[in-house]
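Visitor: Dumping the structure here so I can ask a few things about it.
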Amino acid sequence: MQTTFALKGNLVYTPVCGELAQHPNSYLVCENGTVAGVFDVLPERYRGIPVEDYGDKLILPGFVDLHVHAGQYAYRGLGMDMELLDWLEQNAFPEESRFAEETYAEAAYRIFVDALLHSTTTRASIFATLHRPATLRLMQLLDQAGLPCYVGKVNMDRNSPDYLRETTEQSLAETRRWLEESSDFRLVHPILTPRFTPSCTDALMAGLGRLQREFGVPMQSHLSENLSEIAWVQELCPGTRFYGEAYAQFGLFGGDCPTVMAHCVWSGEEERALIKENGVFIAHCPQSNMNVSSGIAPVKQYLQEGQKVGLGSDVAGGAHLSILRAMTDAIQCSKLRWRLVDQDTPALTVPEALYMATKGGGAFFGKVGSFEPGYEFDAVVMDDSTLPTTRTCTLTERLERIVYLSDGRPCAKYAAGRKLF
Ligand SMILES: [Zn+2]
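Heads up, the sequence shown is in numbering that gives the first Met the number 0, so the first residue is 0 and it goes up one at a time.
Right under this line is the structure:
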């Protein structure tokens with residue numbers, strides 16, 4: 000395999016939140032899996048390297064889905080008339096229990112991985128289900144597809160039906176075994192995944208905290224998504240001042256434990272301060288927040304506060320796997336928030352949404368989501384000739400049309416320096 004090569008086309012990316020870097024008709028050089036640079040003319044030292052010429056197409060950094068449930072992909076677009084807690088009982092739990100069965104898990108995860116492969120997403124932080132063998136199989140399929148992802152075996156030992164609940168001991172033993180068995184993948188890595196506080200006893204959380212320190216793995220969960228959920232957490236954890244403390248008390252809230260929390264729709268001042276202090280990533284999932292009537296997260300404020308924010312599809316709370324769609328949802332939600340909730344905070348822009356979809360969420364994976372030198376080489380090539388218009392558009396306008404109109408299927412895709420198709 001060639002380790003040094005270049006792509007040629009119209010390069011667009013966001014080194015700084017809200018600012019588009021545009022390099023029409025330029026070269027993006029990959030050296031040993033990372034970006035060597037962007038050049039108008041190929042420098043002497045790169046003469047003779049293979050060049051894939053994508054002509055007038057747009058080349059964007061690979062997109063990052065910071066929150067998605069692979070085990071819910073089968074029922075995306077269903078049950079959307081329910082609120083979160085009912086929706087979990089009636090949709091999520093029965094479906095996820097089917098992943099105990101190997102043949103079902105195989106079929107469902109193949110569909111999910113194929114969809115992810117052909118989307119603009121190059122990296123994702125994924126919830127599987129509580130079943131260890133099925134989770135390992137999902138990791139294997141993603142690894143074979145060339146998608147560098149985090150995948151979590153879910154932990155649940157309370158407030159869930161008998162058919163989808165482990166004992167505390169079982170949950171910890173299975174998690175340990177899964178961590179040991181998942182160390183060999185090339186691109187896919189494990190991430191601890193307590194479903195959310197209502198599903199996990201203190202004993203389980205304490206055990207996961209110990210496993211986190213022993214294995215040095217990151218962690219993902221849900222935070223302050225929905226008002227009835229937050230009230231429930233308050234009842235379950237009377238000693239905590241806010242939801243985030245229910246994780247923080249076990250060392251599972253950033254700091255030495257790289258953490259991504261989905262939603263943060265209702266995080267109050269103290270919680271936000273701790274999120275920032277501990278460098279917790281916020282996965283903003285606007286479509287899910289609308290579908291299960293959670294609310295409108297103050298994402299623009301999070302960006303202004305200097306929080307680390309990425310976008311998540313949250314399938315199947317979100318019906319669409321496309322992060323382009325998540326970008327438009329985020330922008331539209333922020334307009335409603337500006338109009339209806341907070342007139343002092345303007346709406347998000349396309350360049351801000353692109354930043355969250357690439358470099359913002361990408362930072363959870365390291366140097367990911369930009370074409371700056373030293374970044375991992377993740378790129379998608381978008382063909383907007385499939386979106387005919389009589390107008391002559393600038394590069395900025397062409398990006399906006401792709402974000403709002405594209406079906407989300409790139410014509411070529413690269414992850415970690417490797418061409419996937
Ligand atoms: Zn979720």
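Even glycine gets a Cβ: it sits at the ideal position worked out from N, Cα and C.
All values reported here derive from a predicted model rather than from experimental measurement.
Within this structure, are the beta carbons of E375 and G416 separated by less than 9 Å?
Guide: Contact flag set, yes.
Visitor: Is the distance from the Cβ of T2 to the Cβ of E43 below 9 Å?
Guide: No, these two residues do not count as a Cβ contact at 9 Å.
Visitor: Out of S321, A282 and D328, state which residue places its alpha-carbon closest to the alpha-carbon of R75.
Guide: Among S321, A282 and D328, the Cα nearest to that of R75 is on S321.
Visitor: Kindly provide the chain-ordered list of residues whose Cβ lies closer than 6 Å to any non-hydrogen atom of ligand 1.
Guide: My final list is H66, H68, H221, A261, D313 and G316.
Visitor: Do the segment 149-156 and the segment 167-179 make contact, defined as three or more Cβ pairs closer than 8 Å?
Guide: Contact holds: three or more Cβ-Cβ distances are below 8 Å.
Visitor: Three or more C-beta pairs under 8 Å: does that hold for the segment 51-70 against the segment 381-391?
Guide: Output reads yes: the segment 381-391 touches the segment 51-70.
Visitor: Tell me which residue opens and which closes the alpha helix (DSSP H) that F111 is part of.
Guide: Unbroken alpha helix (DSSP H) run through F111: E101 to L116.
Visitor: Tell me where the alpha helix (DSSP H) around I322 begins and ends.
Guide: Looking at the DSSP string, the run of the alpha helix (DSSP H) that includes I322 is I322 to L339.
Visitor: Within a Cβ cutoff of 6 Å, which residues of the same chain sit near F364, ignoring the five residues on either side of it in sequence?
Guide: Once the five neighbours on either side are set aside, the close Cβ partners of F364 are R122.
Visitor: Are the CB atoms of L273 and G250 within a distance shorter than 9 Å?
Guide: Cβ atoms of G250 and L273: not closer than 9 Å.
Visitor: DSSP puts A411 in a beta bridge; with which residues?
Guide: Answer is V380.
Visitor: Flag this pair as touching only if the segment 104-117 and the segment 34-51 have three or more C-beta atom pairs under 8 Å; answer yes or no.
Guide: Counting Cβ pairs under 8 Å, fewer than three are found: no touch.
Visitor: Could you tell me if L339 is buried or exposed, where buried requires 16 or more neighbouring beta carbons within 10 angstroms of its beta carbon?
Guide: Exposed, by the Cβ-count rule.
Visitor: Considering only C-alpha positions, which residue in the set L398, V314 and A73 is nearest to V67?
Guide: Nearest C-alpha to V67: V314.
Visitor: Could you name each continuous beta strand (DSSP E) segment of 3 residues or more that falls completely within the segment 177-243, going from the start of the chain to the end?
Guide: Here the runs fully enclosed are 218-222.
Visitor: Hey, quick one: how far does the beta strand (DSSP E) through Y427 stretch, first residue to last?
Guide: With the chain covering 0 to 420 only, the question about residue 427 has no answer from this structure.
Visitor: Looking only at DSSP bridge pairs, what is A261 linked to?
Guide: Partner(s): H221 and A282.
Visitor: Which first and last residues belong to the beta strand (DSSP E) in which Y354 is found?
Guide: That residue, Y354, is in no beta strand (DSSP E); its alpha helix (DSSP H) goes V349 to Y354.
Visitor: Looking at L207 and L235, is the spacing between their C-beta atoms short of 9 Å?
Guide: Taking 9 Å as the Cβ cut-off, L235 and L207 do not qualify as a contacting pair.
Visitor: Name the residue from N24, D64 and D52 whose alpha carbon lies nearest to the alpha carbon of G368.
Guide: The shortest C-alpha separation from G368 is found at D64.
Visitor: Taking 9 Å as the threshold (C-beta atoms), are Q71 and G316 in contact?
Guide: Yes, they are a contact pair.
Visitor: If distances are taken between C-alpha atoms only, which option among H283, N288 and K7 comes closest to G360?
Guide: Nearest option by C-alpha distance: H283.
Visitor: Within its chain, find whatever has a CB closer than 6 Å to the CB of R336; leave out the 5 residues flanking it on each side and keep chain order.
Guide: Excluding positions up to five away in sequence, the list reads I295.
Visitor: Run through the DSSP bridge pairs and tell me what T21 is partnered with.
Guide: In the sequence as displayed, the identity of residue 21 is Gln instead of Thr. The partner list for Q21 (beta bridge, DSSP) reads V11.
Visitor: Quick one: grab the DSSP three-state call for T134.
Guide: Helix.
Visitor: Just to confirm, are E224 and V264 a CB contact at a threshold of 9 Å?
Guide: In this structure, V264 lies closer than 9 Å to E224 by Cβ.
Visitor: Count the other C-beta atoms from every protein chain shown that fall within 10 angstroms of the C-beta of N24, then say buried if there are 16 or more, exposed otherwise.
Guide: So N24 ends up on the exposed side.
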